[in-house]
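2 protein chains.
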Amino acid sequence: MASIKDVAQKAGVGVGTVSRVINGSGYVAADTRKKIEQAISDLEYTPNELARNLFRNRTGIIGVLIPDLDHPFFSAFTRETEVALYKRGYKAMICNTVGSSNRERDYLNMLDRNMVDGIITGAHTLHWKEYVNRKRTIVALDQDFGPEIPMVGSDHAYGGKLAAEIMLKNNCKRVVHITGIAPNVAANDRHIIFEETLKKHGVEVLDLTMEWNLFDHQSYWDAAAEALEKYPDADGIFAADQPALCYMHLALKAGKRVPEDLKVITYDGMDVSRICYPEVTAICQNVKFLAETCAKSVINLIEDKEPVPHRQILSVELRQGQSTYPVEINDEL
Amino acid sequence: MASIKDVAQKAGVGVGTVSRVINGSGYVAADTRKKIEQAISDLEYTPNELARNLFRNRTGIIGVLIPDLDHPFFSAFTRETEVALYKRGYKAMICNTVGSSNRERDYLNMLDRNMVDGIITGAHTLHWKEYVNRKRTIVALDQDFGPEIPMVGSDHAYGGKLAAEIMLKNNCKRVVHITGIAPNVAANDRHIIFEETLKKHGVEVLDLTMEWNLFDHQSYWDAAAEALEKYPDADGIFAADQPALCYMHLALKAGKRVPEDLKVITYDGMDVSRICYPEVTAICQNVKFLAETCAKSVINLIEDKEPVPHRQILSVELRQGQSTYPVEINDEL
DNA sequence: CTGTTAGCGCGTTCAG
DNA sequence: CTGAACGCGCTAACAG
């Protein structure tokens, strides 16, 4: 491991001068530069980032905290986040909290230990208070951690309303609704509006709450099976991609026809919701835009360039598939 | 940001002593310790990891390079890798190479710049030669980069044989086979054996090669549509989860029945292959074991504890679904 | 048992 | 235009 000192020695100059050519800072005579560049390539010198980090007190790493990478929404989000960060010269360190508050806290602590310059968090096992009282370089996905911490999220309220409108126009009368997100998460808005709108129009909503923080596949199957057994005569289902698709799978297996006997609307609209047959109607979050907004925001916080709004809410989009009959949306409800 | 010096000053001792209590190294009198601990908590002191990193010349970070996080196999792999690394005190920095050799090279360079202590790579845009001539702290997933770099992979040859055996016992005569992995990847073994075995028994194999490095969803649909159009009378399909499921989707849409008219076997066997209806028969890789093996190996390389085998090949497992008729496997082909 | 000191490798003054 | 010297925060060796 050649160091800057070796380069200086080999080129017969001082370390300061070498530093200057590496960073392109300050003036340096053309032939001195030549000599140094030669020495650098001879020694295959690469600057030690660790020393730079110490000096600058920054690492260029952003921690990305999510409940579980093996979940289509979060893996897509993480992917897009990494791309967005990379474009701006940052790298992503990831943490699956997998429901463990210790892991979440552990990664959060890296902020204080200067291991990461900032954090984007979509995890929610910790109480929000643990997030405040820190350097303010945290951006929350879909969660309100109070006025200190900017949040980025989707317009879930509108998403819930859209889903309700389609159920209504498809003449559903008894609709299963699987919920199961952490208590203080913005995504809950969709549940509230969805139920409210349907009930207002005399539609029965059959609720099933999944334990939150369960992101493993089996729990989706369990929830779906329970719902199917509990409400065998339901004519509609609204849930996140995975529980909804599990439900559809079991319903098809039980001989129900989609959309004739059962209307299915899923939330998130990831790839998995297109690949199943029939393709389902979905309320889609704009994952890429969410990720870019998070990345941009946390970097603005770090570099203190542009101010970051406290709430940034992005639109959701309806994708009509074959699991409901096509309807015209006019937002008149 | 309080530093160790502040703590020493506040406690009225030298920095060395503070360092000793923080690291639990060497002797320190009980009451001196008390004073120091008090000062630490008063100042809310946390050691600056950057300085430690510089001293130790290590970061505790492992780079995880994969083609695309938004792919069920790789997101599951990355998830398990992060968990396995964390358990051993390491953190994961991720890189989607998204088919760009520049990005791959960029992250690879972090090894030289000491930003990461080691690398696990499942990416394959770079020529293998770029991987050699480096510190030997690289582990390759499913790729042979020569004798210098240990590899971890699945027994794809057996996987291909299993798939062929099922096709044969299901009396298939014309089987579509979608391939499309990078040239030097071990996963290709399955393709070779699959075709070989079928042809030996007089079954026609209808090949379709996808451009490798395409991990976006659309390319799966395109490949599936092309195959369906080109070989409308095929009675079997073998491909990775996603292209196979796209194919099944389109076939169902076109009125084919599964498994009556079409047998489907997918490779990888991720969650997505269970959620579609009917559940498909799949050759499953043991993602968790793969990840743990990679994590353990790269750490052994770094810490130079146990020797790391050059090739570690893990078993694949058959999961029979409803997309083929159940068969008894006896490995007699 | 404890304080002092010399690096770790680099970037930046600040005189020359 | 350039070299020497200092400091980033911490650890380990070494006297006391």
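Protein chains in written order, with my numbering: chain A, 1 to 333; chain B, 1001 to 1333. Where is the CB? At the ideal position from N, CA and C, for every residue including glycine.
- The three-state reading of DSSP puts alanine 223 of chain A in helix, counting H, G and I together.
- Per DSSP, glycine 160 of chain A is one residue of the alpha helix (DSSP H) stretching across 156-169.
- Annotation for phenylalanine 289 of chain A: Leu314 place their beta carbon closer than 7 Å to its own, counting only its chain and skipping 5 residues before and after.
- Judged by DSSP in its simplified three-state form, alanine 240 of chain A adopts strand.
- For leucine 252 of chain A, a Cβ of chain B is located within less than 9 Å of the residue's own Cβ.
- The straight-line gap separating the alpha-carbon atoms of isoleucine 120 of chain A and asparagine 1048 of chain B is approximately 21 Å.
- The beta carbon of isoleucine 4 of chain A sits closer than 6 Å to those of Val15, Val18, all from its chain and outside the five residues before and after it, given in chain order.
- Of all alpha-carbon atoms in A:Ala140, A:Ile275, A:His249, the one lying nearest the alpha-carbon of glutamate 292 of chain A is that of A:Ala140.
- Secondary structure of valine 298 of chain A (DSSP, three-state): helix.
- Within a 10 Å sphere around the beta-carbon of glutamine 218 of chain A sit fewer than 16 other beta-carbons, which makes this residue exposed.
- Leucine 141 of chain A sits in a strand when the DSSP states are folded into three classes.
- Within the region 1026-1100 of chain B, complete beta strand (DSSP E) segments of at least 3 residues are found at 1061-1066, 1091-1096, given in chain order.
- The Cβ atoms of glutamine 242 of chain A and valine 185 of chain A do not sit closer than 9 Å to each other.
- Exclusion of the five residues before and after arginine 1190 of chain B leaves His1156, Gly1159, Gly1160 as the residues of its chain whose Cβ lies within less than 6 Å of its Cβ.
- Chain B places a beta carbon closer than 9 Å to that of proline 47 of chain A, counting this residue as a contact.
- Neighbours of histidine 1249 of chain B across chain A, judged by C-beta separation under 9 Å: Arg274, Ile275, Cys276, Tyr277, Pro278, Glu279.
- For the pair alanine 1244 of chain B and threonine 1209 of chain B, the CB atoms are not nearer than the 9 Å cut-off.
- Around the beta carbon of phenylalanine 1055 of chain B, fewer than 16 other beta carbons sit within 10 angstroms, so the residue counts as exposed.
- Partner residues in the beta bridge of threonine 121 of chain A, as assigned by DSSP, are A:Leu65, A:Ala140.
- A Cβ-Cβ distance of about 11 Å is found for the pair isoleucine 178 of chain A and alanine 234 of chain A, leaving them out of contact under the 8 Å criterion.
- Scanning chain A for C-beta atoms nearer than 8 Å to the C-beta of arginine 1088 of chain B yields nothing, as the closest lies near 14 Å away.
- The bridge partners DSSP lists for valine 1007 of chain B come to none.
- The continuous alpha helix (DSSP H) containing aspartate 1189 of chain B extends over residues 1188-1200.
- For arginine 1113 of chain B, there is no enclosing beta strand (DSSP E), as DSSP gives it neither H nor E.
- Cβ-Cβ separation between methionine 1167 of chain B and valine 1176 of chain B: approximately 11 Å, too far for a contact (criterion under 8 Å).
- Non-local C-beta neighbours of tyrosine 1220 of chain B in its own chain, meaning closer than 6 Å and more than five positions away in sequence, comprise Gln1242, Pro1243, Cys1246, ordered along the chain.
- Proximity of cysteine 1246 of chain B to chain A, defined by a Cβ-Cβ separation below 9 Å, is satisfied.
- Flagged as an interface residue toward chain B: valine 83 of chain A, by a C-beta distance shorter than 9 Å.
- Taking C-beta separations shorter than 7 Å and ignoring five residues to either side along the sequence, the partners of phenylalanine 194 of chain A in its chain run Gly160, Ala163, Ala164, His177, Phe238, following chain order.
- Residues of the region 1089-1120 of chain B whose Cβ lies closer than 9 Å to any Cβ of chain A, in chain order: Lys1091, Ala1092, Met1093, Ile1094, Cys1095, Asn1096, Val1098, Arg1103, Asp1106, Tyr1107, Asn1109, Met1110, Asp1112, Arg1113, Asn1114, Met1115.
- Here histidine 1071 of chain B is buried. Its C-beta has 16 or more other C-beta atoms within 10 Å.
- By the Cβ criterion, the region 1257-1271 of chain B is not in contact with the region 1303-1312 of chain B, since fewer than three pairs of Cβ atoms, one from each stretch, lie closer than 8 Å.
- Taking a beta-carbon distance threshold of 9 Å, asparagine 23 of chain A does not count as an interface residue toward chain B.
- Beta-bridge pairing by DSSP links lysine 263 of chain A to A:Gly236.
- Excluding the 5 residues flanking it on each side, serine 75 of chain A has same chain C-beta neighbours closer than 7 Å at Leu69, in chain order.
- Listed in chain order, the positions of the region 1048-1064 of chain B with a beta carbon within less than 8 Å of a beta carbon of chain A are Asn1048, Glu1049, Leu1050, Ala1051, Asn1053, Leu1054, Asn1057, Thr1059, Ile1061.
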